[in-house]
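Novice:
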Amino acid sequence: GAVVSQHPSWVICKSGTSVKIECRSLDFQATTMFWYRQFPKQSLMLMATSNEGSKATYEQGVEKDKFLINHASLTLSTLTVTSAHPEDSSFYICSARVVGGGPGELFFGEGSRLTVL
Amino acid sequence: GNSVTQMEGPVTLSEEAFLTINCTYTATGYPSLFWYVQYPGEGLQLLLKATKADDKGSNKGFEATYRKETTSFHLEKGSVQVSDSAVYFCAPRGGVYSNASKIIFGSGTRLSIQP
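Listed in order, the protein sequences are those of chains A and B.
For what it's worth, my numbering labels the leading residue of the first sequence as 1, then goes sequentially.
For what it's worth, my numbering labels the leading residue of the second sequence as 1001, then goes sequentially.
1) Among residues of its own chain, excluding the 5 on either side of D1055(B), which ones have a beta-carbon nearer than 6 Å to its beta-carbon?
2) Check whether chain B comes within 8 Å of L44(A), counting only Cβ atoms and requiring the distance to be less than that.
3) How close, in whole Å, do the beta carbons of I1103(B) and L106(A) come, if the pair is a contact with beta carbons under 8 Å?
4) Between the beta-carbon of Y1030(B) and the beta-carbon of K1060(B), is there less than 8 Å?
5) Is it the case that the stretch 73 to 82 of chain A contacts the stretch 1067 to 1084 of chain B, given that we only count it when at least three CB pairs across the two stretches are under 8 Å?
6) Is M108(A) close to chain B, meaning its C-beta is less than 8 Å from at least one C-beta of that chain?
7) Could you check if H85(A) is buried or exposed, using at least 16 other CB atoms within 10 Å of its CB as the buried criterion?
8) Is DSSP giving E87(A) helix, strand or coil here?
9) For E1015(B) versus V1080(B), is the C-beta distance shorter than 8 Å?
10) Kindly give me the distance between the Cβ atoms of L1117(B) and S1058(B), rounded to whole angstroms, as I take these residues to be in contact under 8 Å.
11) Can you find a C-beta in chain A that's less than 8 Å from the C-beta of G1106(B)?
12) Going by DSSP, name the residue or residues bridged to H7(A).
13) Using a C-beta cutoff of 8 Å, does V1096(B) count as contacting chain A?
14) In whole angstroms, what separates the C-alpha of T1005(B) from that of S1107(B)?
15) Is the beta carbon of R37(A) less than 8 Å from the beta carbon of S90(A)?
16) Does I21(A) come within less than 8 Å of chain B when only Cβ atoms are used?
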């Protein structure tokens, strides 16, 4: 199947700093990528839909100025957590939809664990 | 929009036991239905899917049938193994009045198989 890679897989940062997480589709093009947040022992919460060449669409309650999303190419989307605080500590997962692929099939990255001290 | 209710965990079974994880959904129209699995420390993987009523998705010994009349997509396996220990997510996607690109995840069911 298609491969989606996230980097870094885990990161520790100080409060107030910004952290960038990359999501790459390695062997396919993805016009649409999705960013999720997962708290311990909970389900995935969709944060935003990232569209190549246009602004991301954020879910209700997600601060777009805090979680900056850039989808500059068909194989790369980035999530930047700005001015991170301990409550932003979480597992962030991206997924990508194959262009012209079957209904609903998404491929997920392995996730990035963020810990804010 | 779509919503999903999934059997709460954790579920603990002995090896070779029969597994059922219940999932019911609410949607207008005919969403596609998915089960995803998350092994410890990893991201999600698609386990199986069904795109229309009465379809049966299957993979790795797991099965789930799209039941429109009961709006259910229960996951079953006849004989579980220790390696099946993971968190399982039921997820509908699409349907009328729902963004076809958005997938809604259930709360997840943690499965632990004892040798």
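Even for Gly, the Cβ is constructed at its ideal location relative to N, Cα and C.
Since the structure is predicted, the reported quantities are computational estimates derived from the model, not experimental observations.
Specialist: In short, the structure shows the following:
1) Here residue 1055(B) refers to the residue found at position 55 when the second sequence is read from its first residue. Y1066.
2) Numbered from its first residue, the first sequence carries residue 44(A) at position 44. By this cut-off, L44(A) is an interface position.
3) Walking along the second sequence from the start, residue 1103(B) turns up at place 103. Walking along the first sequence from the start, residue 106(A) turns up at place 106. The Cβ separation is near 6 Å, so the contact holds.
4) As a first step, residue 1030(B) must be located in the second sequence, where it is residue number 30. As a first step, residue 1060(B) must be located in the second sequence, where it is residue number 60. No, the pair does not count as a contact, with Cβ atoms beyond the cut-off.
5) no
6) For the purposes of this step, residue 108(A) is taken as residue 108 along the first sequence, with counting starting at 1. Reading off the sequence shown, one finds Phe at residue 108(A), where the question assumed Met. Judged by the 8 Å Cβ criterion, F108(A) is in contact with chain B.
7) For this step, residue 85(A) is matched to residue 85 along the first sequence. By the neighbour-count rule (16 or more Cβ atoms within 10 Å), H85(A) is not buried but exposed.
8) Within the first sequence, residue 87(A) is the residue found at index 87, counting from 1. In the structure shown, E87(A) sits in a helix (DSSP, three-state: H, G or I).
9) Counting from one through the second sequence, the residue named residue 1015(B) turns up at place 15. Counting from one through the second sequence, the residue named residue 1080(B) turns up at place 80. Yes, these two residues count as a Cβ contact at 8 Å.
10) For residue 1117(B) there is no data in the structure shown, the boundaries of chain B being 1001 and 1115.
11) Locating residue 1106(B) in the second sequence gives position 106, counting from the first residue. With 8 Å as the cut-off, G1106(B) counts as an interface residue toward chain A.
12) Residue mapping note: residue 7(A) aligns to position 7 of the first sequence, counting from 1. The partner list for H7(A) (beta bridge, DSSP) reads E22(A).
13) Residue 1096(B) sits at position 96 when you count from the first residue of the second sequence. Model confidence at V1096(B) stands at a pLDDT of 48, short of 50, so the residue's coordinates are unreliable; what they give is reported in the following sentence. Cβ-Cβ to chain A under 8 Å: no for V1096(B).
14) Start at 1 with the first residue of the second sequence, and residue 1005(B) comes out as number 5. Start at 1 with the first residue of the second sequence, and residue 1107(B) comes out as number 107. Each residue's Cα considered, the two are about 7 Å apart.
15) As a first step, residue 37(A) must be located in the first sequence, where it is residue number 37. As a first step, residue 90(A) must be located in the first sequence, where it is residue number 90. Yes, the pair counts as a contact, with Cβ atoms nearer than the cut-off.
16) Residue 21(A) sits at position 21 when you count from the first residue of the first sequence. For I21(A), the answer is no, since every Cβ of chain B falls outside 8 Å of its Cβ.
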